[in-house]
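Participant: Handing you a structure now.
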Amino acid sequence: MPSPLLELKDVSRTYSSGGEPLTVLREVCLTIQSGEFVAIMGASGSGKSTLMNIIGCLDKPSSGTYSIRGVEVASLNGDALAALRRDTFGFIFQRYNLMSDLSAVENAEVPAVYCGMAKTDRAAHASDLLRELGLGDRLEHHPSQLSGGQQQRVSIARALMNGGPVILADEPTGALDSQGGKEVMAILEKLHSQGHTIIVVTHDSDIAAYAHRIVRIADGRITSDETQQKVEAGIQAQTGQTGNDAGPGAGILGEALKMALRSLVHNRLRTALTMLGIIIGVASVIALMAIGNGAKQDVVERIQAMGTDLLTIMRGPPAVRASAEIVTSFLPEDLPSIVGSQGVAMAIPETNLSSLLRFGNQDLMVTAVGTGENFPLVHDWPPQSGVFFSAEHVKRYAQVVTLGQTVVKNLFPDGTNPLGQYVLIGSAPFLVIGVLSSKGLTPRGDDMDNSVWLPYTTAGARIFGQRFFNDFVVRVKPEADMSAVQAGLHSLLIKRHGKEDFNIRNQADTIATADETQNTLTYLLAAIAVISLVVGGIGVMNIMLVSVTERTREIGIRMAIGARSFDVLFQFLAEAVVVCFIGGLAGVVAGLGGGLATSAIAGWRVIFTVPPIVIAFACAFLTGIIFGYLPARKAAQLDPIDALARD
Ligand code: ADP
Ligand code: MG
559 MPSPLLELKD VSRTYSSGGE PLTVLREVCL TIQSGEFVAI MGASGSGKST
609 LMNIIGCLDK PSSGTYSIRG VEVASLNGDA LAALRRDTFG FIFQRYNLMS
659 DLSAVENAEV PAVYCGMAKT DRAAHASDLL RELGLGDRLE HHPSQLSGGQ
709 QQRVSIARAL MNGGPVILAD EPTGALDSQG GKEVMAILEK LHSQGHTIIV
759 VTHDSDIAAY AHRIVRIADG RITSDETQQK VEAGIQAQTG QTGNDAGPGA
809 GILGEALKMA LRSLVHNRLR TALTMLGIII GVASVIALMA IGNGAKQDVV
859 ERIQAMGTDL LTIMRGPPAV RASAEIVTSF LPEDLPSIVG SQGVAMAIPE
909 TNLSSLLRFG NQDLMVTAVG TGENFPLVHD WPPQSGVFFS AEHVKRYAQV
959 VTLGQTVVKN LFPDGTNPLG QYVLIGSAPF LVIGVLSSKG LTPRGDDMDN
1009 SVWLPYTTAG ARIFGQRFFN DFVVRVKPEA DMSAVQAGLH SLLIKRHGKE
1059 DFNIRNQADT IATADETQNT LTYLLAAIAV ISLVVGGIGV MNIMLVSVTE
1109 RTREIGIRMA IGARSFDVLF QFLAEAVVVC FIGGLAGVVA GLGGGLATSA
1159 IAGWRVIFTV PPIVIAFACA FLTGIIFGYL PARKAAQLDP IDALARD
């Protein structure tokens, strides 16, 4: 003898939530054969819905066994139960439980989404079912535009979508007037005659009269079980028409994305605010990195502009700041031997000191540079007008000066030709014999054009009051090996001074040091940007949690009609990912725009590179997955019964 369709043996259900355990079903034994039309009757609170939920695999017995076609339900996992709800059972609820932002057709389609039916087949089948139920002219209406009876018919179409061999209706007419109730019962009667097994819960004996068997239940026990008439076997309850268990295929993916977009559009303002966090995060990564890169490139170029074949000999031992001890050993006598060293093209001394410059009644603080006549050649920095001082000037302690562009601008604002004028440096008068061309900023950002240049002899004697120099700057011959020249100078000066009271830097060192400083800055900017991205992610998580809480009932409905917890997880995850994806794209655009705007407004240099853009976008995407996962999992782990009970 084949196993009965549904068989409950000694099924009890005890609710333990909140203090006293409450036993709602007591040792219920019930066998239902395929093709039956059963009414379950009882007073309110007698346990009818609890029994129905167990039959429909939404709930599990606390004790006893429930088997479907001989297979014990307790042995099935969550996905198998979802498959049963999806393909074997069709639920009809007292309050219809349609999804308010889906049309009639889309509501009816939902169970087929979860078995992976193609979109066009789905829509066609749903429309056919709705037409058969007399809703041909209401296909695109939303639940709020339909009467109670019409909504219940949409929910019947949904129950039939995957075949619905067993229709479970919990007080399907409870919210309808008597006319609407009769129509629904007429439909159920017709479905029964087509071979569906129908189980209806009701407390109305008129409704129960449609059934062929009436099971009465009181206080969790079956009190009577009367069969009015025998029926022949109905259609075999199979695992639905499509049969195959849908994996996370393209259909589900597309549907999850579509539903995600729909829900995001539905909550436009909330979506926009959530995205804002991501947009700001991504945009700041991109813009700040571009600004950081630009600044770094600026510094490197400024260093290179000063000449790459230069060596600077600074006073003071290596790794000790010049100011830490007064070093007086850089003397004019060193100069000829430095110039004579192997591979050296030119060498000049340099001593810089802030000095007061005066012309007429104009005062100006400038950098006075005492140096040699080869300064323009060593630094590739020619005069714009007039001349630089000569070797002769140096020898004669001449009181001549060459001015920088900024000095000229500030000292002669009326456009007076500075050449031939006398200016006072300190208290000594100097004849202006030239103006150097503009050089811009030092790597540290100081204005190199706010300087004046004088013979080191005159400067030492008349202004600085010292014979010794701060630095020597050496120009290496183009064909010479930089490090060999550096080594040569090193041993030369050790020999001359008797100790290492100097250090020699080449431009490559300087660039490397500047690079390091700039990189630290860039990393700092990146860290700030990443923090804002994380804050954005937390915003996403927050909003998703709200969304899950708001839509708990929807989740319950979806689970009742066949969504696996995976499907629910996926739907919410899709939402988070879509937010972060779109936010990420917008962030990239905003970052590029912000960077360009910065360079246009502030005049800063920005350099966009691909890695920050890719990384920022990828981070936004990952943020969506990571921060969306928790809320999505919360949704997926909801108990369908609890979720359905929520208002
Ligand atoms: P009916 O559908 O026959 O009106 P139910 O099966 O819904 O009755 O409920 C039977 C009893 O179980 C009621 O007393 C109800 O309060 C209780 N009950 C239902 N669901 C829960 C639950 N989740 N937790 C605790 N008690 C519940
Ligand atoms: Mg009930």
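Start counting at 1 in the sequence shown, then tack on 558, and there's your number in this note's numbering. C-beta atoms are modelled at their ideal positions from N, C-alpha and C, and glycine is treated no differently.
(1) The ligand MG and Lys606: does any heavy atom of the ligand fall closer than 7 Å to the residue's C-beta?
(2) Near Tyr1081, what residues of its chain come up, given a Cβ to Cβ distance below 6 Å and the 5 sequence neighbours on each side ignored?
(3) Could you pull out every unbroken alpha helix (DSSP H) segment of at least 4 residues lying fully inside the region 585 to 636, listed in chain order?
(4) With a cut-off of 8 Å on the beta carbons, I'd call Pro1169 and Ile844 a contact; round off their distance for me.
(5) What do you reckon, is the C-beta of Glu1112 under 7 Å from a heavy atom of the ligand MG?
(6) Less than 7 Å separating the Cβ of Leu1079 from some heavy atom of the ligand ADP?
(7) Which same chain residues end up closer than 8 Å to Gly518 when comparing Cβ atoms and leaving out the 5 residues on each side of it in sequence?
(8) Considering just the uninterrupted stretch of the beta strand (DSSP E) at Thr760, what are its terminal residues?
(9) What are the start and end residues of the beta strand (DSSP E) that includes Tyr768?
(10) Closest to Ile906 by C-alpha separation, out of Ala1087, Cys587, His770 and Ile896, would be which residue?
(11) Give the straight-line distance between the Cα atoms of Leu834 and Ala1134, rounded to the nearest whole angstrom.
(12) Unbroken beta strand (DSSP E) runs of length 3 or more, entirely within the region 1053 to 1086: which are they?
(13) Give the range of the beta strand (DSSP E) segment to which Arg783 is assigned.
(14) Hey, quick one: how far does the beta strand (DSSP E) through Ile1165 stretch, first residue to last?
(15) If you compare alpha carbons, which of Thr646, Glu813, Leu1180 and Ala632 is closest to Gly722?
(16) With the cut-off set at 8 Å, would you say Ile756 and Gly739 are in Cβ contact?
(17) Output the boundary residues of the beta strand (DSSP E) element that contains Leu872.
(18) Using a threshold of 8 Å, state whether the C-beta atoms of Ser842 and Ala1087 are closer than that.
(19) For Arg1109, which residues in the same chain have their Cβ closer than 6 Å to its Cβ, ignoring the five residues on either side in sequence?
(20) Would you kindly work out how many angstroms separate the C-alpha atoms of Asp783 and Gln710, rounded to a whole number?
(21) Going residue by residue through the region 719 to 754, where are the continuous beta strand (DSSP E) segments of at least 3 residues, counting only ones entirely within it?
(22) CA-CA distance, Asp762 and Asp568?
(23) Looking at Gln963: is its Cβ nearer than 8 Å to the Cβ of Val993?
(24) Looking only at its chain, what residues have a beta carbon closer than 8 Å to the beta carbon of Gly973, apart from the 5 residues adjacent to it on each side?
(25) Check for me: the beta strand (DSSP E) holding Ile906 runs from which residue to which?
(26) Any heavy atom of the ligand MG closer than 7 Å to the Cβ of Asp1200?
(27) Where does the unbroken alpha helix (DSSP H) through Ser1009 begin, and where does it stop?
(28) Should Tyr573 be counted as a contact of the ligand ADP given a C-beta to heavy atom distance under 7 Å?
(29) With a threshold of 16 other CB atoms inside 10 Å of the CB of Ser592, please say whether the residue is buried or exposed.
(30) What first and last residue would you give for the alpha helix (DSSP H) that runs through Thr646?
(31) Start and end of the alpha helix (DSSP H) containing Ser1123?
(32) Inspect the CB distances between the region 645 to 663 and the region 613 to 630 and report whether three or more fall short of 8 Å.
(33) Taking only three categories from DSSP, how would you classify Gln799?
(34) Roughly how many angstroms separate the alpha carbons of Arg916 and His1055, rounded to a whole number?
(35) If you draw a straight line from the alpha carbon of Cys587 to that of Ala767, how long is it in whole angstroms?
Facilitator: Looking at the atomic coordinates:
(1) Within the cutoff, so yes.
(2) Taking C-beta separations shorter than 6 Å and ignoring five residues to either side along the sequence, Tyr1081 has no partners in its chain.
(3) Qualifying alpha helix (DSSP H) stretches, in chain order: 606 to 613.
(4) Not quite, the Cβ-Cβ distance comes to about 10 Å (not below 8 Å), so this is no contact.
(5) Because no heavy atom of the ligand MG lies under 7 Å away, the Cβ of Glu1112 does not count as near it: no.
(6) Incorrect: Leu1079 has no Cβ contact closer than 7 Å to the ligand ADP.
(7) There is simply no residue 518 to check, as the chain begins at 559 and stops at 1205 in what is shown.
(8) In this chain, the beta strand (DSSP E) harbouring Thr760 covers Thr755 to Thr760.
(9) Where Tyr768 is concerned, there is no enclosing beta strand (DSSP E), given that its DSSP letter is neither H nor E.
(10) When C-alpha distances from Ile906 are compared across Ala1087, Cys587, His770 and Ile896, the shortest belongs to Ile896.
(11) About 13 Å.
(12) The region 1053 to 1086 contains these whole beta strand (DSSP E) runs: 1060 to 1064.
(13) Looking at the sequence shown, residue 783 is not Arg but Asp. For Asp783, the uninterrupted beta strand (DSSP E) run begins and ends at Arg779 to Thr785, by DSSP.
(14) Looking at the DSSP string, Ile1165 is not in any beta strand (DSSP E), and its letter there is neither H nor E.
(15) Each of Thr646, Glu813, Leu1180 and Ala632 was checked against the Cα of Gly722, and the nearest Cα belongs to Thr646.
(16) No; because the gap between Cβ atoms is not below 8 Å, this pair is not in contact.
(17) Sequence check: residue 872 is Met here, not Leu. Note, Met872: beta strand (DSSP E), Leu868 to Arg873.
(18) In this structure, Ala1087 lies closer than 8 Å to Ser842 by Cβ.
(19) There are no such residues.
(20) CA-to-CA, the gap between Asp783 and Gln710 works out to about 28 Å.
(21) As far as the region 719 to 754 is concerned, its whole beta strand (DSSP E) runs of at least 3 residues are 724 to 728.
(22) Cα to Cα, the separation comes out at about 27 Å.
(23) Contact flag set, yes.
(24) Hits under 8 Å: none found.
(25) First-last of the beta strand (DSSP E) with Ile906: Val902 to Phe917.
(26) Distances from the CB of Asp1200 to the heavy atoms of the ligand MG are all 7 Å or more.
(27) If you look at Ser1009, you'll find it isn't in any alpha helix (DSSP H); it sits in the beta strand (DSSP E) that goes Ser1009 to Pro1013.
(28) Because some heavy atom of the ligand ADP lies under 7 Å away, the Cβ of Tyr573 counts as near it: yes.
(29) Buried: at least 16 other Cβ atoms inside 10 Å.
(30) For Thr646, no alpha helix (DSSP H) encloses it, and the DSSP letter there is neither H nor E.
(31) Start and end: Ser1123 to Ile1159.
(32) Judged by Cβ distances under 8 Å, the region 645 to 663 makes contact with the region 613 to 630, as three or more pairs qualify.
(33) Summary for Gln799: the model assigns pLDDT 38, below 50, so the residue's position carries little reliability, and this model does not support an answer.
(34) Near 38 Å, if we compare the C-alpha coordinates of His1055 and Arg916.
(35) A straight-line Cα-Cα distance of about 22 Å links Cys587 and Ala767.
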